[in-house]
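Protein chains: 2
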Amino acid sequence: MTPRQNRNRDRAERGIPDATVARLPVYLRALHGLQERGTVTVSSEELAAAAGVNSAKLRKDLSHLGSYGTRGVGYEVEYLVYQISRELGLTQDWVVAIIGVGNLGRALAGYGGFASRGFRVAGLLDADEGIVGQEISGMVVEHIDRLEEVIAERGVSIAVLATPAAAAQTVCDRVVASGVTSVLNFAPVVLSVPDEVDVRKVDMSIELQILAFHEQRKAGGPLGEDPPGAAQYVETVEA
Amino acid sequence: MTPRQNRNRDRAERGIPDATVARLPVYLRALHGLQERGTVTVSSEELAAAAGVNSAKLRKDLSHLGSYGTRGVGYEVEYLVYQISRELGLTQDWVVAIIGVGNLGRALAGYGGFASRGFRVAGLLDADEGIVGQEISGMVVEHIDRLEEVIAERGVSIAVLATPAAAAQTVCDRVVASGVTSVLNFAPVVLSVPDEVDVRKVDMSIELQILAFHEQRKAGGPLGEDPPGAAQYVETVEA
DNA sequence: CCGACTTTGTGCGCGTATTCACAAGGGTTA
DNA sequence: TAACCCTTGTGAATACGCGCACAAAGTCGG
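Chains as they are written, first to last, in the working numbering: chain R, 32 to 270; chain X, 32 to 270.
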């Protein structure tokens, strides 16, 4: 079996490692930046720097998509943008509903990163009568009672949950029952869903806690026992 | 070397795997839930279910902190809460500044998950004269010109960046120059910082793109199966 | 005091991710 | 055409994380 056949089999059969998929959007953003500055061709070294990764990793990641570089030259920016977009499914439109229109839901509704990448927000829903009917970012907030209708009528395929924690699982069950198989969850709860449904979670509280851990470690470990000589770091934190 | 010595060495010397650290906040949240329901003791099986992980993984994670369980019984909820909190650095207060008070910054300022975990928001800053002076969640927004003063005077140790992408790197450089070594970045850019500074990134656009990838895969893979006739790729992306 | 039962803590094997280092391949110039 | 340079694509080594399965260690009833 030749190398090329081997590559095609790898690509077609069961594809791309999760770790790679998670980085493709980062590459894509870096490429868009280069594109705006008129760059036509980029080497793995340059692109890796722009994306904040190791160049070997970048090359291996891209090799999972196919052989889109030119040895001795690099990658053509525009072509690579297209290939990554295509692989990620950004060449088609995805219909999104945002459920929960508090502070966070509002921020999400107005976030430019959605529309610019093929994500179309087709519904804002909330349970609060005081919020229903308000216009947010050019859309009228609808009542959560209409959830199933909205999903069906507008072909929503991705649900963004920005509800309070207590409501998240119930809402999640309803969107899943309506056929949605991709959920982006901002509520601080672990959602339980059937296997075929993908859930991704965004949780700023968790991120902060991870930072606190590392910050504490820089300052000499948890309160109590600590290695001698780390005393002067403690002041730095407190001061 | 006895097992116990071995464990202590492991714990003290270079500590806890990143993957474990990232899960500790999840366990902590699950434990708080149990605590509110009055649960005194919990088995690894139950806690793992509540946190959405495998029970063996949970036990291994907790074993990195020490031997806090009782065989045949389980873990004492309160004690475990304390130990995890301590390890994560949540038994001390962390002073946070939020920079950029757009929709997202406002949502963050009002987010309860901060205050409830030992994170005190001590400053809201923005460059927009129209926003400076407004009161948000009980705090008055200050001008970004005062960034260095605010950080120094109030002992800010964690900076939350919710600025537009274009401003993020500049602001980041300034907070780092002021001695901040932990940054939570919501702006869609790769920040470059010195090695001793920790940056964590929250990016909803990336999460959505990952969902789109999997959604597309469920539906049968990328659109056009093959490169040969992909001459029109430019339009598709721009349109 | 003992034996049955429960649950922890962990040794081990497996698969995945990362990184190095280099051969292979394409461009370029004389 | 040939010799040289540059950068990709990838084999191989290493590190890391996961989960099974079980011995160790505790509880509890009799």
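Note that the Cβ used here is the ideal one computed from N, Cα and C, for glycine as well.
Looking only at DSSP bridge pairs, what is residue i linked to?
| i | result |
| --- | --- |
| Arg106 of chain R | Note that residue 106 of chain R is Tyr in the sequence shown here, rather than Arg. Tyr106 of chain R is bridged to R:Val73, R:Gly100. |
| Ala128 of chain X | X:Gly154, X:Ala190 |
| His174 of chain X | X:Asp157 |
| Gly167 of chain R | Per the sequence shown, residue 167 of chain R should be read as Ile rather than Gly. Note: Ile167 of chain R sits in a beta bridge opposite R:Met170. |
Cβ of residue i less than 9 Å from any chain R Cβ?
| i | result |
| --- | --- |
| Gly13 of chain X | Residue 13 of chain X cannot be examined here, being either before or after the span of chain X that is shown, 32 to 270. |
| Leu89 of chain X | no |
| Leu156 of chain X | no |
| Tyr99 of chain X | no |
| Ala50 of chain X | no |
| Asn85 of chain X | no |
| Gln123 of chain X | yes |
| Val181 of chain X | no |
| Gly149 of chain X | yes |
| Ala153 of chain X | no |
| Leu215 of chain X | yes |
| Pro225 of chain X | no |
Could you spell out where the alpha helix (DSSP H) holding residue i opens and where it closes?
| i | result |
| --- | --- |
| Arg60 of chain R | 49–67 |
| Phe217 of chain X | Taken as a continuous stretch (DSSP letters only), Phe217 of chain X belongs to no alpha helix (DSSP H), as it is neither H nor E. |
| Asp204 of chain R | 196–208 |
| Gly143 of chain X | 143–146 |
| Ile241 of chain R | 235–249 |
| Asn85 of chain R | Where Asn85 of chain R is concerned, there is no enclosing alpha helix (DSSP H), given that its DSSP letter is neither H nor E. |
| Gly136 of chain R | 134–140 |
Please decide whether residue i counts as near chain X, where near means a Cβ-Cβ distance under 9 Å.
| i | result |
| --- | --- |
| Met235 of chain R | yes |
| Glu77 of chain R | no |
| Ile130 of chain R | no |
| Asp229 of chain R | yes |
| Ala208 of chain R | no |
| Ile241 of chain R | yes |
| Val202 of chain R | no |
| Glu238 of chain R | yes |
| Thr72 of chain R | no |
| Thr194 of chain R | no |
| Gly161 of chain R | no |
| Glu246 of chain R | yes |
| Leu139 of chain R | yes |
| Arg60 of chain R | yes |
| Ile175 of chain R | no |
| Val171 of chain R | no |
| Val57 of chain R | yes |
| Arg117 of chain R | yes |
| Gly46 of chain R | yes |
| Ala198 of chain R | no |
Which same chain residues, not among the five before or five after residue i, have their C-beta less than 8 Å away from its C-beta?
| i | result |
| --- | --- |
| Ala140 of chain R | Ile129, Val132, Val152, Leu155, Ile167, Ser168, Met170 |
| Arg148 of chain R | Leu121 |
| Asn85 of chain X | Ala79 |
| Gln114 of chain R | Leu96, Gly97, Tyr99 |
| Ser236 of chain R | Pro219 |
Quick one: residues in its chain with C-beta nearer than 6 Å to the C-beta of residue i, no 5 flanking neighbours on either side, listed in chain order?
| i | result |
| --- | --- |
| Ser116 of chain R | Thr122 |
| Glu118 of chain R | Leu96 |
| Asp176 of chain X | none |
| Val220 of chain R | Ala196, Ala199 |
| Ala81 of chain X | Ala61 |
| Gly174 of chain R | Per the sequence shown, residue 174 of chain R should be read as His rather than Gly. Val163. |
| Leu215 of chain X | Val191, Arg231 |
| Asp124 of chain X | Gly149, Arg151 |
What are the start and end residues of the beta strand (DSSP E) that includes residue i?
| i | result |
| --- | --- |
| Val230 of chain X | 229–232 |
Less than 7 Å between C-beta atoms, sequence neighbours within five positions excluded: which residues of the same chain meet that for residue i?
| i | result |
| --- | --- |
| Arg90 of chain R | Ser75 |
| Glu227 of chain R | Thr212 |
| Thr194 of chain X | Ile130, Gly131, Val202, Ala218 |
| Glu180 of chain R | none |
Buried or exposed: residue i, going by 16 or more other Cβ atoms within 10 Å of its Cβ?
| i | result |
| --- | --- |
| Val207 of chain R | buried |
| Asp159 of chain X | exposed |
| Val104 of chain R | exposed |
| Val127 of chain R | buried |
| Thr201 of chain R | exposed |
| Asn39 of chain R | Confidence in Asn39 of chain R is poor, its pLDDT being 42 and thus under 50, which makes the residue's placement too unreliable to answer from. |
| Pro253 of chain X | buried |
| Ala146 of chain R | exposed |
| Val187 of chain X | buried |
| Arg102 of chain X | exposed |
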